[in-house]
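Okay, so here's the structure we're looking at.
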Amino acid sequence: MDFSSFLTSLGTSFVIFLVLMLLFTWLSRNPDNKVIYYPNRILRGMDPIQDGSRFGNPFAWIREALSSTEQDVIAASSVDAAVYFVFLSTMLGILVLAGLVLLPVLLPVAATDHSVRSSNTTSNGTFNDLDKFSLGHVKEKSSRLWAFVIAAYWVSFVTYYLLWKAYNHVSELRASALMSPDVRAEQFSVLVRDIPPPPEGQTRKEQVDSYFKAIYPDTFYRSMVVTDNKEVIKIWEELEGYRKKLAHAEAIYAELTKSGKTEGIRPTNKTGFLGLIGKKVDSIEYYNEKINELLPKLETVQKATLRDKQRGSALVFFTRRATAASAAQSLHARLVDTWTVMDAPEPRQIIWTNLPKSFYQRETRQYVVYTIVALTILFFMIPIGIISAFTTLANLRKLLPFIKPIVKVDAIRTVLEAYLPQLALIIFLAMLPKLLLFLSKQEGIPSVSHAERAASGKYFYFTVLNVFIGVTIGGTLFDSFKDIQKNPSSIVSLLARSLPSNATFFLTFVALKFFVGYGMELFRVVPLIIYRLKRKYLCKTEAEIKLAWAPGDLGFATRIPGDMLILTIVLCYCVIAPVIIPFGVLYFGLGWLVLRNQVLNVYVPSYESYGRMWPHINTRVVAALLLYQVTMCGYFAIKKFIYTPILIPLPILSLIFAFVCSKKFYRFFQATALEVACQDLKETPNMELIFRSFLPPYLCVNKAADEDQFEDALSQVSRSASFA
Numbered sequence: 046m047d048f049s050s051f052l053t054s055l056g057t058s059f060v061i062f063l064v065l066m067l068l069f070t071w072l073s074r075n076p077d078n079k080v081i082y083y084p085n086r087i088l089r090g091m092d093p094i095q096d097g098s099r100f101g102n103p104f105a106w107i108r109e110a111l112s113s114t115e116q117d118v119i120a121a122s123s124v125d126a127a128v129y130f131v132f133l134s135t136m137l138g139i140l141v142l143a144g145l146v147l148l149p150v151l152l153p154v155a156a157t158d159h160s161v162r163s164s165n166t167t168s169n170g171t172f173n174d175l176d177k178f179s180l181g182h183v184k185e186k187s188s189r190l191w192a193f194v195i196a197a198y199w200v201s202f203v204t205y206y207l208l209w210k211a212y213n214h215v216s217e218l219r220a221s222a223l224m225s226p227d228v229r230a231e232q233f234s235v236l237v238r239d240i241p242p243p244p245e246g247q248t249r250k251e252q253v254d255s256y257f258k259a260i261y262p263d264t265f266y267r268s269m270v271v272t273d274n275k276e277v278i279k280i281w282e283e284l285e286g287y288r289k290k291l292a293h294a295e296a297i298y299a300e301l302t303k304s305g306k307t308e309g310i311r312p313t314n315k316t317g318f319l320g321l322i323g324k325k326v327d328s329i330e331y332y333n334e335k336i337n338e339l340l341p342k343l344e345t346v347q348k349a350t351l352r353d354k355q356r357g358s359a360l361v362f363f364t365r366r367a368t369a370a371s372a373a374q375s376l377h378a379r380l381v382d383t384w385t386v387m388d389a390p391e392p393r394q395i396i397w398t399n400l401p402k403s404f405y406q407r408e409t410r411q412y413v414v415y416t417i418v419a420l421t422i423l424f425f426m427i428p429i430g431i432i433s434a435f436t437t438l439a440n441l442r443k444l445l446p447f448i449k450p451i452v453k454v455d456a457i458r459t460v461l462e463a464y465l466p467q468l469a470l471i472i473f474l475a476m477l478p479k480l481l482l483f484l485s486k487q488e489g490i491p492s493v494s495h496a497e498r499a500a501s502g503k504y505f506y507f508t509v510l511n512v513f514i515g516v517t518i519g520g521t522l523f524d525s526f527k528d529i530q531k532n533p534s535s536i537v538s539l540l541a542r543s544l545p546s547n548a549t550f551f552l553t554f555v556a557l558k559f560f561v562g563y564g565m566e567l568f569r570v571v572p573l574i575i576y577r578l579k580r581k582y583l584c585k586t587e588a589e590i591k592l593a594w595a596p597g598d599l600g601f602a603t604r605i606p607g608d609m610l611i612l613t614i615v616l617c618y619c620v621i622a623p624v625i626i627p628f629g630v631l632y633f634g635l636g637w638l639v640l641r642n643q644v645l646n647v648y649v650p651s652y653e654s655y656g657r658m659w660p661h662i663n664t665r666v667v668a669a670l671l672l673y674q675v676t677m678c679g680y681f682a683i684k685k686f687i688y689t690p691i692l693i694p695l696p697i698l699s700l701i702f703a704f705v706c707s708k709k710f711y712r713f714f715q716a717t718a719l720e721v722a723c724q725d726l727k728e729t730p731n732m733e734l735i736f737r738s739f740l741p742p743y744l745c746v747n748k749a750a751d752e753d754q755f756e757d758a759l760s761q762v763s764r765s766a767s768f769a
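Take any residue in the sequence shown, count from 1 to its spot, add 45: that is its number in the numbering used here.
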């Protein structure tokens, strides 16, 4: 990429961001669009239209984001969201402190070394205007390399310091949330897995109750045995589908009647495939008939499920949260594969199908999933490498000679060079998150938040190994293939020498991510278009309208790995090409600002894990730091700097830092500390409401009179009240 292409990419990305921000300002001031740009506020009972300043000042959202506090974020979203902003601000702090030293020191040191004339470039083309500000411009064995060695230490120690402060702060946030006097159902329950077969003449319910009553006689409340719900879920989903269709048909009929149409006109549908074929029937009557048929069938299957399909897992409830916290971290059986007790997830995030999976099933599934992910990473490096190698214009001209006349046009050539490789990579990566989340759930993980943390880890290592390392190695191998054929032993030195050659690719990649990416985040054009289309052609009921504009959550499973990739890129190039630091600062600074607005006004959390993601974030930041330190060791060795071994302590220090953090902090993120759990509550907990909050909707019995007909099922439903 030449200098004009780089400036084109940067300039057009900035212009696109400004246009998207202005469009966001214009569209968000339209009251009809408030459900797209302020759904979080609406769901909290706050009408954004009443705040005139938000609509009179196009930059009011910036002021609101900057003036918001951490408690505002927690109140509007969750502790997890506040922890995410701790991550963004910590990364921003690392890069700002690094830039304050590296930019004024390293740039002059590199630029004033006149002994090298573009022997190592920071781009795959002629980018000499910025080459002279890079480590590649410093000659081998030069004493100037000491400045870069000191810079490598500075970045490392800044990272250690800020990560340690952040870990302490997040630990305090988690403790404060868990000590809240508010009653939270999951704090009074534990999840029990690997329950052995019940003794002869004893039901599973009786087995669980007697076991925990013996251990916790004063605080045990009751248990809820997990069942195999496949059949009941199928019927319940069918019933709910007909209920929604009935509400839709009744809304259409009411609309026709209100508009003055002939009163006899009623909505109809065909009973065949997708309502396109088969007998034509009156929709309202047909759906009512189907509902009346399914209701007794559902009740029968519910009773049979609760009585006959109990599995070796249960939720156990206690009257004190300190007892639940103690039980979750105690060893209840001498064998690891029986009576496994852990913290219960929030009711809304339980993955019920995973709860009955046995210890050996979970272990086997975990190894299988890890093998699949490793193979996926391995084989995806091939297409990623191909993308990085073949999406340069020089290589495309060789492979596709017919495009030569097209790329000779300066405007087309400049735009293609500026965007083609980055867009190809971003689109390619967009296919992965759902696959990795699916694989994580197959491990037998009990909660959505845990599955997302696992998927996030897989996605991080995937992106680092395939994007950062894959792009670097892919481009280098393609360009140096003939040299490697002649001298295979030169591959290591060739790779190290060519490391800076992808700096401008990553500069453009980072710029595209923060300008265009965050511009699209603000603009929300896709949700807006989808909502408008659904509102006009599909939605008839209030429930359908609400579902059409439902914003979803922040998406930690993909967002955090994406941020980690940017951090890894900026860290690894901050000493080699310090000009990348301002781009990293802009990415995390703009991300903090834009996402602050989105968390306060748009996204609604789908779960709360009280910051359990932080230890995983900390580990991956240290992993990125390790990669940076190893990169520095290799690059200084290639520079024939005889004092390169002075950098060897850095990776060792990083491993020690990670170990100390794990030993000092991690246990509290794995389980609730008793000093936290024993804090007083502002009211006596209603244990029946806590118990009911864990009941899946498809297992709620509709008639109280029927409850005494299946006593064995009372591990799942209450004996004392109706679930209507």
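Here a beta-carbon is modelled for each residue, glycine too, at the ideal position from N, C-alpha and C.
In the DSSP output, what is residue i paired with across the bridge?
i: residue 313; result: 327
i: residue 265; result: 363
i: residue 355; result: 272
i: residue 66; result: According to DSSP, which records beta bridges pairwise, residue 66 is partnered with nothing at all.
i: residue 388; result: 235
i: residue 492; result: 395
So for residue i, helix, strand or coil by DSSP?
i: residue 687; result: coil
i: residue 643; result: helix
i: residue 560; result: helix
i: residue 362; result: strand
i: residue 395; result: strand
i: residue 77; result: helix
i: residue 236; result: strand
i: residue 598; result: coil
i: residue 118; result: helix
i: residue 377; result: coil
i: residue 617; result: helix
i: residue 1; result: There is no way to answer for residue 1, as the model of the chain reaches only from 46 to 769.
i: residue 322; result: coil
i: residue 90; result: coil
i: residue 401; result: coil
i: residue 669; result: helix
i: residue 504; result: helix
Drop a sphere of 10 angstroms on the beta-carbon of residue i, count the other beta-carbons inside from all chains shown, and report buried for 16 or more, exposed for fewer.
i: residue 654; result: buried
i: residue 384; result: buried
i: residue 648; result: buried
i: residue 685; result: exposed
i: residue 265; result: buried
i: residue 259; result: exposed
i: residue 252; result: buried
i: residue 641; result: buried
i: residue 710; result: buried
i: residue 715; result: exposed
i: residue 71; result: exposed
i: residue 112; result: exposed
i: residue 179; result: buried
i: residue 614; result: buried
i: residue 596; result: buried
i: residue 123; result: buried
Let me make sure I understand the geometry here. Which of the options has the alpha-carbon closest to that of residue i?
i: residue 421; options: 478, 104, 599 and 392; result: 478
i: residue 598; options: 301, 568, 265 and 646; result: 646
i: residue 573; options: 68, 281 and 337; result: 68
i: residue 665; options: 381, 244 and 508; result: 508
i: residue 129; options: 663, 621, 249 and 724; result: 663
i: residue 399; options: 55, 615, 239 and 736; result: 239
i: residue 323; options: 314, 140 and 677; result: 314
i: residue 637; options: 651, 583, 93 and 107; result: 107
i: residue 177; options: 622, 651, 328 and 691; result: 622
i: residue 185; options: 158, 414, 210 and 75; result: 158
i: residue 675; options: 131, 197 and 150; result: 197
i: residue 513; options: 270, 672, 126 and 604; result: 672
i: residue 221; options: 718, 735, 564 and 733; result: 718
At the 8 Å Cβ level, is residue i part of the contact set with chain D, yes or no?
i: residue 680; result: Here there is only one protein chain, and chain D is not present.
Roughly how far, in whole angstroms, is the beta-carbon of residue i from the beta-carbon of residue j, given that I think they are within contact range, below 8 Å?
i: residue 58; j: residue 561; result: 6 Å
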